[in-house]
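The opening residue of the sequence shown carries number 950 in this note's numbering; numbering runs sequentially from there.
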Amino acid sequence: MSAQARSRRAADIEKAPLYTDNPYDHEEVDDSGKKKGHAFAYTVNGRPVLSLVMHPVLLSLATLVLFGYLNFPWPDSPLPDHVQEGIKRCEAIKAGPPNHQPNADRKTSDRFVKGTRPVWLKNGTVWTGEKRGEQVLHETSVWLEGGVIRRVGKEDGDFADLVASSKDKAEEVNLHGAWVTPGIVDLHSHLAVDPSPNLRGSDSTNSWKQAAQPWLRSLDGFNTHDQAFNLSIAGGITTMLVLPGSAGNIGGQAFTFKPRWTEENTPQSMQVEPPFVIRNGTWERTGAWRHIKHACGENPLRVYGNTRMDSAWDFRKTYDAGRKLKEKQDAWCAAPKEQKEAFPDDLQFEAVADIIRGNVKVNIHCYETVDLNDMVRISNEFQFPISSFHHAHEAYLVPDLLKQTWGGTPGVAIFANNAYRGTPYAAKILADAGLSVVHKSDHPVLDSRYLIYEAAQSHAFGLNFSEALSSVTTHSAKIAGLDHRMGYIRPGYDADVVVWDSFPLAIGATPKQTYIDGIPQIIHPHVQEKPKDAQKISPAGDYDKEVAEAVAARGDPDLRPKHKSKRVLFENVEGFYLDGFDVQGVPGRVVVDGGEITCVGKDCAVTSGEHETVDLKGGSLLPGLISTGSALGLVEIAQEESTWDGVAYDPVHEKGLLEGILVRGADGARFGGKDLLMAYREGVTTGVTWPVSGGLVAGLAYSFSTSAEHPLAKGAIGHPGPALVLTLSGWTTDMTESVSTRIALLRKMLAGEGVKGELAEAFKRAASGELRLVVQVSSADQIAALIRLKQNDAKKLKLTIFAGEEAWMLADELAKEDIGVIVANPRPFPAFWDSRRILPGPPLSNHTLPSYLASRGVTVGLGIHEECDARLARFEAAWAYTAAPHVFSKKQAVDLVSGNLEKLLGLDLKSKADTGFVAYEGDFFSFQGRVRASRAPGQEDMHLFL
């Protein structure tokens, strides 16, 4: 056929009518139009590549051949790179929330370190976390191997196969009945992003760019040089969720870490189940839970000026952007092979889209009911679950509101103490309402080393022991999405285990050893053997009456004493720690008439019906406790300046050198506050406070009654000026001039040079020893400068160091010069450079800071920094005794928060200070002790708390 004929035939084929569904199957005609047979065009990918003219007889055979050819699995053409990458992203987002299950057969952890010997913990008292936290196994052993718990059993024979199969001989540890629990999981920490000591160059707690930044990541600021790692491990912390700070509404993404240092020594190697990893040179999604931090209320208001309305809008705007991104992604994934553009992504909002898909644990810092309500509404509007509300001081008032959260009821992560409208009974109220209660540290706001102390306090105020222990283990692990591998003592779970020196909720409970991934973390632990009573499961406090009052009053119960009596008979008195009485043995009875103790002893007799009888059930009478160091009595709500006395005028800061003005704290005294009344109900009858100041000269301290109604009430102001207070360095000072400048000014003022008026008179009295001088200072170097100043320039000076974290380094020199120390915090923390060289206490050192100073002859008192901690004075005294009974008798421990403070604050320079006295039911030196009566300073009546 000629080329011309072939061309014409092809043109005719294109024009021919269609006789089948195949557009290329039609009749062939010759040049004259006569039909000659069928023309069949074979196509590949829709294009004709073969055209044949066939006899009808051959058509069937050709069809069969062609059918086989068409249905042969020829490879498809490669998809474009952007489609292939997009399909991977689609698979990741369609996977849904992680659904990890426990694996009892798990023999090796992903974090196992080769060469780690098995550990056989024998004869322990094991709290497993099972049976809603009620299961306790006595005389039980736990085998750790491969970074996991391999077995829990009672007899040596239960472990025979493990002994035989282990390549390395196990380290056998006889626990002699010591308590064993899962490692503590801290659900809210800033460890390593707010590192210790705090330095400007390493602080990555918050970004200050804008209020909502879901794209930020705590992992990117995680500092492996934080001094707190070993301290937290010494408190039993084995895992923590490290969150960005709360300055903004959305601070960024959070990550879970174990504080154990690794051979790689990087932030990524310390992660637990990271959501993204570097694998084979690529950045891959693992399918693990992601976490994010939100905050509402006062913090965004303070930092960004966001009112609650602004904050709610920022949340809704951000979630709307995330929802739109999710919708675009879902549409792309519905038909990926048809997409001409790359998978739609936005690094700023991809995490929010993932939240709405349910792949992210949302942790929300909220205080008040309105904040909680806002977030519950927003969760329903955008249909995303909330993992937990943090701080949540008013959650106990609205548990039913939290149950309305989209996707299920969130957990509640709280402090045991630290809220204006909070209550120490919150944990019990929430648990009774069916919510999962977690205690968290907010480290370094609260040193995570003592997170167990938070659980213990809630136990003391009503939370049962199973819920209290679960609040730092099983509940926190579950909320973090890690309860398939931690939070229980179970085979297959991570070998994160804590061995305790006493029942973990006993006062002063301290780890003997902490294991992370089966590796003992504390080298040469210093262990204080505790008495048998400290090993018993303690009962939860019975505070049902107080719980009902707190809820009925919507968080504002009337805390004023409601019942009083001039004549009281105390029965079953076992301890008596008041000076001035010759008491032999167990007192048995104590009689009070008109505010004075008139008889102590078993033979005390009273006229029937004249005295109200109080059974102390083996309790004690003690002097009224003293709280000092905070702005108690000058500040009501720390974040509300309108509730303060204000910041004191500093004559050095304001005028260069000194106009003679001396600020008196008593002039700004405020009574009737919640922290005052809560402290009074817990045995603190006296506060000693000085003006709030960041300058060198704070002013005159004053002592006052915590129960007085107003400044002119009888006994309200005990001593209007027992001590002159200065700040050399510390967390409250702005440090506008050097420490050496402050020392020079102090030397000049003590010499009476350049000082006028009242201030000159105060420094003259201080130099002569008539007025106690209290100096807030932490650094040993700066304390040494004060010692030299006393030796060389003011030999009669009666000097007290307040704070004194590094004072232990100069204990002998302080004792020689009769310089006392008010230790605040009694369990120091290296928060700042000037306080970095701490004496950490057991199990890291054989002494606590108070015990070491006292053992070297230094007069020691215990102080605080925050007003809400005033009510904990009795616990601090008991802790000091429990941690060092070889140093402190019970009477000496009581003096740490009473008699010693009278001396160190100058109250003894007047006539003997009247701080009243208090009657405790039960053991004062345990969490179960309870105030039943108190005689306030200057009063004739006893207040009864029955």
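Where is the CB? At the ideal position from N, CA and C, for every residue including glycine. The model shown is predicted, which means the values in this text are computed figures rather than measured ones.
Query                                                                                                      : Result
The stretch 1771-1787 / the stretch 1146-1154 touching (three or more Cβ pairs under 8 Å)                  : yes
Identity of the residues DSSP links to L1086 by a beta bridge                                              : V1075
Neighbour-count burial assignment, V1311, 16 or more Cβ in a 10 Å radius                                   : buried
Stretch-stretch touch, CB-based, cutoff 8 Å, three pairs: the stretch 1182-1192 with the stretch 1204-1211 : yes
Beta-carbon gap between T1638 and G1573 smaller than 8 Å                                                   : no
Under the three-state DSSP convention, the category V978 falls into                                        : Caution applies to V978, whose pLDDT of 46 falls short of 50 and renders its modelled position unreliable; the value that the coordinates give is listed next. DSSP places V978 in strand when its eight states are reduced to three.
Cβ neighbours of D1564 in the same chain (closer than 7 Å, five flanking residues each side left out)      : E1520, N1521
Counterpart residues of L1070 in DSSP-defined beta bridges                                                 : V1091, V1122
Buried/exposed call for Q1470, threshold 16 Cβ in 10 Å                                                     : buried
Distance CB(F1333)-CB(I1305) smaller than 8 Å                                                              : yes
Environment of I1227 [buried if 16+ CB atoms lie within 10 Å]                                              : exposed
Environment of D1863 [buried if 16+ CB atoms lie within 10 Å]                                              : buried
Range of the contiguous beta strand (DSSP E) that encloses L1574                                           : 1574-1577
Unbroken alpha helix (DSSP H) run spanning S1652, endpoints                                                : No alpha helix (DSSP H) contains S1652, which is instead part of the beta strand (DSSP E) from 1651-1654.
Cβ pair count under 8 Å reaching 3, the stretch 1457-1470 against the stretch 1277-1285                    : no
Three-state secondary structure (DSSP) of E1104                                                            : coil
Rounded distance between the beta-carbons of G1643 and E1889, thought under 8 Å                            : Contact doesn't hold; Cβ gap of about 41 Å is too wide.
Rounded straight-line distance, which links the Cα of G1636 to that of A1819                               : 9 Å
Whole-angstrom C-beta distance between R1721 and K1747, which should lie under 8 Å                         : 5 Å
Whole-number beta carbon distance between G1753 and S1419, since they are thought to touch under 8 Å       : About 37 Å; that fails the 8 Å criterion.
Beta-carbon proximity check, N1489 vs N1413, cutoff 8 Å                                                    : Per the sequence shown, the amino acid found at residue 1489 is Ala instead of Asn. Yes, Cβ-Cβ distance for A1489 and N1413 is below 8 Å.
Reduced DSSP category for H1904 - H, G, I as helix; E, B as strand; rest coil                              : For the chain, the structure presents residues 950 to 1895; residue 1904 sits outside this window and is missing.
Neighbour-count burial assignment, K1266, 16 or more Cβ in a 10 Å radius                                   : exposed
Inter-residue Cα distance where the pair is L1649 and T1577                                                : 13 Å
Among K1839, M1698, A1773, L1708, nearest to L1738 - alpha-carbon criterion                                : M1698
For N1312, the residue or residues it bridges with in DSSP                                                 : K1242, S1337
Exposure label - L1881; buried when at least 16 CB within 10 Å                                             : The sequence shown places Arg at residue 1881, not Leu. Flag for R1881 reads buried.
Alpha-carbon to alpha-carbon, W1355 and A1270                                                              : 19 Å
Within 8 Å, strictly: CB atoms of P1224 and T1231                                                          : no
W1828: CB within 7 Å of a non-hydrogen atom of the ligand COA                                              : Judged by which ligands are present, the structure shown has none, so any question about the ligand COA falls away.
Bridge-paired residues (DSSP) for G1524                                                                    : S1569
Residue environment, S1689, which counts as buried when at least 16 other CB atoms sit within 10 Å         : exposed
For A1502, the nearest candidate out of A1764, G1411, S1090, G1371 (CA to CA)                              : G1371
Candidates I1401, G1150, A1041, A1580, of which the one nearest I1133 by Cα                                : I1401
8 Å Cβ cutoff met for L1571 and V1867                                                                      : yes
Assigned secondary structure, V1112 (DSSP; H/G/I helix, E/B strand, else coil)                             : helix
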